[in-house]
Amino acid sequence: MDFPILSALIALPVAGGLAVLLVKRDELALPLSITSSLVTFGGAAWLLFAFESGEAGFQFVEKSTWHEPWGVGWHLGVDGISLLMVVLTAFLFPIALLASTAITHRVRQYAASMLFLQAGITGVFLSLDLLVFFIFWEAMLVPMYFIIGIWGGERRVHAAVKFFIFTAFGSALMFAGILSLGFLVSDQLGGPTFDFVELLGADLTRNAQLWLFGAFGISFAIKVPVFPFHTWLPDAHVEAPTGGSVILAGVLLKLGVYGLIRFNLTLFPKAAVDLVPVLAVLAVIGILYGAIVAIVQTDIKRLVAYSSVSHLGFVVLGVFALTTQSLQGGVIQMVNHGLTTGLLFLLVGMIYERRHTRQISEFGGLATVMPLLAGAFLFTAFASIGLPGLNGFVGEFFVLLGSYLSLPGYAIAATFGVVLAAVYLLWAYQRMFTGEITVEANRGLSDLSVREKIIIIPMAALVVFLGVYPKPALEIIEPSVDAILERIEEQTDYVVPEFGSTGDIAVEVAE
Amino acid sequence: MDLSLSLIIFLPMGGMLLLFGFGKRIGEPGAGIVATLAVVGSFLIAVVLAFDFINGDGPAETVRWFEWLPAFGVEAELRWDQLSALMTLVVTGVGSLIHLYSIGYMRGDPGFGRFFSYLNLFITSMLILVLANNFALLFVGWELVGLSSYLLISFWFERPIAAAAGKKAFIVNRVGDVGFILALMLIFSVFGSLGFDTVFEGAHRGELTVTMATAIALLLLVGAAGKSAQLPLYVWLPDAMEGPTPVSALIHAATMVTAGVYMVARTGAIFELAPIAAATVAVVGGATALFAATIAIAQRDIKRVLAYSTISQLGYMFMGVGAAAYTAGVFHLMTHAFFKALLFLGAGSVIHGMSGEQDMHKMGGLARKMPVTFATMAIAWLAISGIPPFAGFWSKDEILGVVFERGGLWQVLWGVGLVTALLTAFYMTRMMWLTFFGEPRWDDGVEPHESPRLMTVPLVVLAGLSVVGGLVNTPFKATLEHFLDPVFEAVHLAHAPDGSLAWILAAVSVAAGIIGIGAAILRYRSRVPVEDGLGWRLLGNGYYIDDVYAGVFAGGGKLGADWLAFRFDVRGIDGAVEGIGSLTRKAGGWLRPLQTGFVRSYGLAIIAGAVGLLAWFLSRGGI
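Chains E and D are the protein sequences, given in the same order. Residue 672 is where the first sequence ends in this note's numbering, and the numbering goes up by one at each step. Residue 666 is where the second sequence ends in this note's numbering, and the numbering goes up by one at each step.
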């Protein structure tokens with residue numbers, strides 16, 4: 162058997178976390194955890210290059226059964242979609258840890274929590290057994306809860322509890338859904354099973370799919386978050402320490418979308434096709450509502466948090482528009498959002514560490530004292546706005562043009578989000594960075610340190626690379642996306658629209 | 044060909060990157076020289092490559108950079124045909140002069156290196172726009188132009204008014220971009236590709252219904268109106284003068300605002316199928332031309348006169364391309380680039396010599412103090428006023444001629460254009476008189492002086508072009524039209540009348556120009572009239588349209604957003620959540636004797652809930 166690289170990607174952070182806890186020296190906590198996460202990143206990078214793009218199925222599969230009668234087992238595998246998510250996770254953790262030097266209180270526990278969180282997230286992306294998936298899903302909540310609740314801001318406990326309640330509510334639904342699904346198929350598949358690949362062979366009635374879609378879908382929608390389940394997010398972001406916010410925005414939210422793609426689209430295609438209008442409406446509301454609410458926020462972290470609601474709305478629209486381009490766009494936009502919003506939170510964190518405030522009105526004219534940080538912020542803002550040449554453009558372009566083929570009305574409405582994104586980010590930039598310095602405390606602020614440059618440069622490089630030359634990433638995604646759409650076409654009457662076929666719809670809309 | 048065409052873009056791009064990284068270290072005037080040489084280099088290459096077209100009509104060529112967005116049938120690919128060649132020549136030619144001038148104008152500015160980096164970025168973006176061989180890459184250039192304008196307008200970011208103007212330009216342009224993106228959606232949904240050849244050939248083959256073509260064309264118009272500052276999206280342009288003056292010259296003359304006109308000309312194959320949309324373009328253009336000209340009359344700030352004048356002149360170009368006179372529209376784009384760049388750079392020279400003064404009421408009598416600036420600006424003044432043989436006459440007259448020749452209601456539009464011509468001559472003469480003639484009205488301590496050679500040489504070159512530039516396309520020898528023929532051979536071009544009608548129309552429009560000039564001379568010859576009546580204030584404030592926009596969007600929109608954010612979201616949605624949360628907490632309180640700490644009680648809740656739900660699911664046998 163080949164080296165179990167996927168298990169290793171989960172085990173490495175756990176080992177790192179344990180090491181941090183066992184080596185009882187606070188000053189080593191961050192160096193050790195960063196080293197551990199860099200090794201993990203090395204593994205993920207190797208996986209990226211070893212992965213055969215162009216193939217649809219799962220690769221590097223590991224499988225061993227634990228409990229035959231219930232069909233429970235350790236089953237891991239990676240396809241184009243999860244590969245990008247795993248690499249993104251492995252990429253963001255060292256950066257988030259390097260951005261955590263402001264944490265001095267119980268730093269070993271913090272570093273260990275972060276690494277356990279990494280293991281949990283990676284496990285969620287790699288699991289092909291629903292019970293194992295659920296275990297990782299729950300396991301990941303605990304460290305995140307602590308990261309917000311212990312190392313967060315003033316109202317950290319409130320935020321942490323809110324985060325937990327929301328997620329736990331979703332988890333209960335999902336757990337029930339998983340168990341029902343596993344036992345429901347036992348007649349068809351000769352015994353209960355929780356194995357994702359085996360479950361693909363089951364033929365569920367439309368009614369069953371609708372119920373299960375709901376049970377999984379609400380849980381994932383909370384995580385995304387889809388409007389109106391989003392209110393935990395601003396609180397959690399505002400209170401979370403910088404590292405926590407980066408991971409929260411960068412990868413945790415993607416778990417929701419990933420779940421929707423992996424389970425809701427693939428296992429319950431009939432329900433998915435039926436429920437497209439519902440999700441599309443919520444996605445478009447999220448895009449516009451999140452952006453409008455972001456405009457008037459007075460706290461920069463809340464602003465970025467609401468911008469996430471808007472951006473994830475684009476992702477969900479792309480996913481449920483069910484066209485090759487839109488689904489590709491949705492997946493690539495997950496990566497893009499992880500990079501740009503992660504970077505925004507990093508920059509906001511750097512400002513917070515200098516001034517200990519997040520109130521936009523406390524700033525003004527910062528570009529005169531920290532031109533580099535201002536430049537980095539503006540760069541990231543434009544990436545987030547979707548300026549061509551930077552990564553956000555590719556995803557937005559794919560989602561909008563792709564969605565138009567199947568959901569023209571929704572795509573048209575969503576397009577107005579591109580104006581709003583410019584409004585909230587450029588206005589925030591204007592208020593924080595331009596003009597004269599108005600608050601004396603800002604006058605002596607120092608510009609980026611070497612450590613901060615090391616944090617920003619790799620992310621910025623990736624932002625440019627994916628913006629200019631997205632082809633490698635798109636090639637990784639495409640076969641997996643096509644496989645999902647083909648499965649939907651097989652199982653339902655849905656036909657993935659091709660260009661030319663929507664001319665009539667377009668004309669109707671135009672008229 | 045491959046490399047040389049790419050170099051046209053790579054040179055300013057390289058300059059941009061180099062100066063972005065090391066601009067400060069290279070310093071002054073090195074950074075300016077590097078940037079200028081980069082653009083001059085592009086210009087020279089473009090000249091050499093364009094010769095192929097002049098000696099016979101060399102076919103359009105394409106250069107592929109790399110595989111880009113296969114899902115949309117497009118590559119990163121450039122197109123070199125007569126239209127993109129002409130645009131490249133204008134952009135890099137006028138751009139070079141503006142770069143050269145900026146070395147003098149920006150002397151001593153702490154952001155010298157950064158400024159030239161942004162200037163090179165602007166040229167790069169504009170070149171991507173005009174050289175793109177598909178809608179996606181054109182959109183890339185389109186957006187990068189927006190970025191460049193944002194960076195340059197708010198170049199002096201310490202000034203709140205400049206920072207606000209930059210943001211406004213970007214956001215208003217984004218509103219236009221919505222139209223552009225929607226147009227791209229429709230185009231892709233019909234053709235499955237965003238490549239120019241596929242789309243235009245498909246359009247010719249009749250794959251586009253009239254309704255669809257109209258929808259696409261109107262949406263493209265929205266995008267074009269944003270970039271080219273037409274009604275109702277023109278509001279960013281007057282504010283854009285908050286940038287350093289060479290930036291205004293670049294935005295108003297060589298780049299940015301010409302993008303919309305270029306785009307309509309480029310997509311002529313679509314507009315041809317949509318006569319209603321094309322007429323709308325012309326009507327928008329005519330309305331904008333007249334509207335902006337009336338505002339220009341009442342401005343006191345020399346740059347604001349020119350800003351509204353740009354909007355007005357762009358209206359002419361829209362009339363031209365809307366009337367299917369693509370050559371005439373592009374021709375006016377070119378001549379306007381010459382004389383408007385000259386006017387802006389001249390105004391910059393005046394402001395420079397007046398120690399930053401922009402109010403024309405505080406100028407006067409500068410002709411003797413700044414002879415070169417005066418002489419060159421006088422040429423531009425005659426050119427924009429439509430006096431033959433200067434450049435503006437030929438291009439404007441051709442547009443008016445075509446519009447007249449179309450007959451019917453188009454002749455109303457011709458009348459609008461004629462009145463605008465009269466107003467244009469009037470406000471330009473007013474500007475010249477208030478600035479250069481009459482008694483000096485300078486503030487104390489202002490010592491007007493001519494600008495250094497570095498700044499006047501570009502003025503002289505542009506003045507030369509403003510004199511002879513129109514001769515490339517006259518009714519007697521339509522060189523430019525023949526040059527552009529291959530690009531538009533598949534499109535039906537509208538033509539200007541010939542014979543005696545042409546002479547009559549020309550005489551009428553020259554008369555309009557002379558009346559405008561004469562009226563202004565009579566009014567401003569001996570004194571500066573007080574202009575603060577109701578009408579003057581209405582015009583001076585641009586009909587208060589900006590204030591209306593500010594009230595509706597910044598005021599009303601903000602109120603609405605506040606309500607959503609702080610009422611609906613916090614009290615409504617989150618209020619419900621918190622309500623449930625506190626209920627749960629109460630329930631947790633009752634359970635507290637059994638449990639310690641709430642995490643565990645939620646853990647319990649998860650399992651209890653899950654089991655309950657499971658039982659319910661399974662009890663519904665059906666699932």
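All residues carry an ideal CB built from backbone N, CA and C; glycine is no exception.
Can you tell me whether residue i is buried or exposed, with buried defined as 16 or more other CB within 10 angstroms of its CB?
{"i": "Leu637/D", "result": "Caution applies to Leu637/D, whose pLDDT of 45 falls short of 50 and renders its modelled position unreliable; the model cannot decide the point."}
{"i": "Glu669/E", "result": "Caution applies to Glu669/E, whose pLDDT of 45 falls short of 50 and renders its modelled position unreliable; the value that the coordinates give is listed next. Exposed, since its Cβ has fewer than 16 Cβ neighbours within 10 Å."}
{"i": "Ala619/D", "result": "exposed"}
{"i": "Ala602/E", "result": "exposed"}
{"i": "Arg107/D", "result": "exposed"}
{"i": "Lys384/E", "result": "buried"}
{"i": "Tyr586/D", "result": "exposed"}
{"i": "Phe164/E", "result": "exposed"}
{"i": "Lys270/D", "result": "buried"}
{"i": "Asn98/D", "result": "exposed"}
{"i": "Thr639/D", "result": "Only weak support is given to the placement of Thr639/D: the predicted model assigns it a pLDDT of 45, under 50, and the question is left unresolved by the model."}
{"i": "Ala368/D", "result": "buried"}
{"i": "Trp227/E", "result": "exposed"}
What does DSSP give as the partner residues of residue i in its beta bridges?
{"i": "Gln520/E", "result": "Asp460/E"}
{"i": "Trp123/D", "result": "Glu104/D"}
{"i": "His102/E", "result": "No answer is possible for residue 102/E: it lies beyond the span of chain E, which begins at 162 and ends at 672."}
{"i": "Val117/D", "result": "Leu112/D"}
{"i": "Ser288/E", "result": "Leu237/E"}
{"i": "Ala521/D", "result": "Asn516/D"}
{"i": "Gly209/D", "result": "In the DSSP output, where bridge partners are listed per residue, Gly209/D has none listed."}
{"i": "Ala675/D", "result": "Here chain D covers residues 44 to 666 and nothing more, so residue 675/D does not appear."}
Quick one: list the residues of chain E neighbouring residue i, beta-carbon separation under 9 Å, in chain order.
{"i": "Lys601/D", "result": "Ile456 and Val457"}
Mind listing the chain D neighbours of residue i? Cutoff is C-beta to C-beta under 7 Å, in chain order.
{"i": "Pro549/E", "result": "Phe182, Val183, Glu186 and Leu187"}
Give the interface partners of residue i over in chain E, defined as CB-CB distance under 7 Å, in chain order.
{"i": "Ile616/D", "result": "Pro389 and Thr392"}
{"i": "Ala608/D", "result": "Val454, Val457 and Gln458"}
{"i": "Arg248/D", "result": "None at all; the shortest Cβ gap to chain E is about 13 Å."}
{"i": "Phe705/D", "result": "In the structure displayed, chain D extends from 44 to 666; residue 705/D sits before or after that span and is not available."}
Run down chain E in chain order and give the residues with a C-beta less than 8 Å from the C-beta of residue i.
{"i": "Val221/D", "result": "Thr576, Phe577, Val579 and Val580"}
{"i": "Ala206/D", "result": "Gln591, Thr595 and Gly596"}
{"i": "Phe239/D", "result": "Correct list: empty, because the minimum Cβ distance to chain E is about 16 Å."}
{"i": "Leu190/D", "result": "Phe543 and Leu548"}
{"i": "Leu218/D", "result": "Checking the displayed sequence, the identity of residue 218/D turns out to be Val instead of Leu. Ordered by position in chain E, the residues that pass the 8 Å Cβ test against Val218/D are Val580."}
Residue i touches chain D at which residues, Cβ-Cβ below 8 Å?
{"i": "Phe324/E", "result": "Residues of chain D passing the Cβ test: none, with the nearest at roughly 11 Å."}
{"i": "Thr196/E", "result": "By Cβ distance, chain D contributes nothing, its closest Cβ being about 31 Å from Thr196/E, past 8 Å."}
{"i": "Gln486/E", "result": "Ala114 and Phe115"}
Could you work out which residues of chain D lie near residue i, taking near to mean beta carbons separated by less than 9 Å?
{"i": "Leu646/E", "result": "Within chain D, no residue comes near Leu646/E; the closest Cβ sits about 13 Å away, beyond 9 Å."}
Are at least three pairs of beta-carbons, each pair with one atom in the region 518–526 of chain D and one in the region 405–421 of chain D, less than 8 Å apart? Contact between the region 518–526 of chain D and the region 405–421 of chain D is not established, with fewer than three Cβ pairs separated by less than 8 Å.
For the 8 Å Cβ check, are there 3 or more pairs between the region 121–135 of chain D and the region 47–66 of chain D? In short, these stretches touch, since the Cβ pair count reaches three.
Return the residues of the region 264–287 of chain D that lie within a Cβ-Cβ distance of less than 7 Å from chain E, sorted by chain order. Listed by position along the chain: nothing, the set is empty.
Do the region 450–461 of chain E and the region 505–521 of chain E meet, that is, are 3 or more Cβ pairs less than 8 Å apart? By the Cβ test, the region 450–461 of chain E is in contact with the region 505–521 of chain E, since at least three Cβ pairs between them sit closer than 8 Å.
Please name the residues in the region 438–453 of chain E whose beta-carbon is closer than 9 Å to at least one beta-carbon of chain D, in chain order. Correct list: Tyr450 and Ile453.
Check each residue of the region 275–293 of chain E: if its Cβ is closer than 7 Å to any Cβ of chain D, include it; give the result in chain order. Going along the region 275–293 of chain E in chain order, one finds no residue with a Cβ nearer than 7 Å to chain D.
Residues of the region 101–115 of chain D with Cβ closer than 9 Å to any Cβ of chain E, in chain order: For the region 101–115 of chain D, the residues whose beta carbon sits under 9 Å from a beta carbon of chain E are, in order, Phe109, Glu110, Trp111, Leu112, Pro113, Ala114 and Phe115.
Interface residues of the region 408–429 of chain D facing chain E [CB-CB below 9 Å]: Listed in sequence order: no entries.
Give the residues from the region 499–527 of chain E that approach chain D closer than 8 Å (Cβ to any Cβ), ordered along the chain. Within the region 499–527 of chain E, the residues whose Cβ lies closer than 8 Å to some Cβ of chain D are Gly526, listed in chain order.
How do the region 248–258 of chain E and the region 372–390 of chain E stand: do at least 3 beta-carbon pairs fall below 8 Å, yes or no? Below 8 Å, too few C-beta pairs join the region 248–258 of chain E and the region 372–390 of chain E to call them touching: fewer than three.
Which residues of the region 394–414 of chain E have a Cβ closer than 7 Å to any Cβ of chain D? Give them in chain order. So nothing in the stretch comes that close.
Taking only beta carbons into account, state which residues of the region 331–349 of chain D come closer than 8 Å to chain E, listed in chain order. Here the close residues number zero.
Taking 8 Å as the threshold, find out whether the region 271–287 of chain D comes into contact with the region 298–306 of chain D through three or more Cβ pairs. Below 8 Å, enough C-beta pairs join the region 271–287 of chain D and the region 298–306 of chain D to call them touching: three or more.
Please identify, using Cβ separations under 8 Å, the residues of the region 469–494 of chain E that lie next to chain D, in order along the chain. Taking 8 Å as the Cβ-Cβ cut-off against chain D, the residues of the region 469–494 of chain E that qualify are Thr485, Gln486 and Gln489.
With contact counted as at least three CB pairs below 8 Å, one residue from each stretch, are the region 263–274 of chain E and the region 361–373 of chain E in contact? Segments in contact, no.
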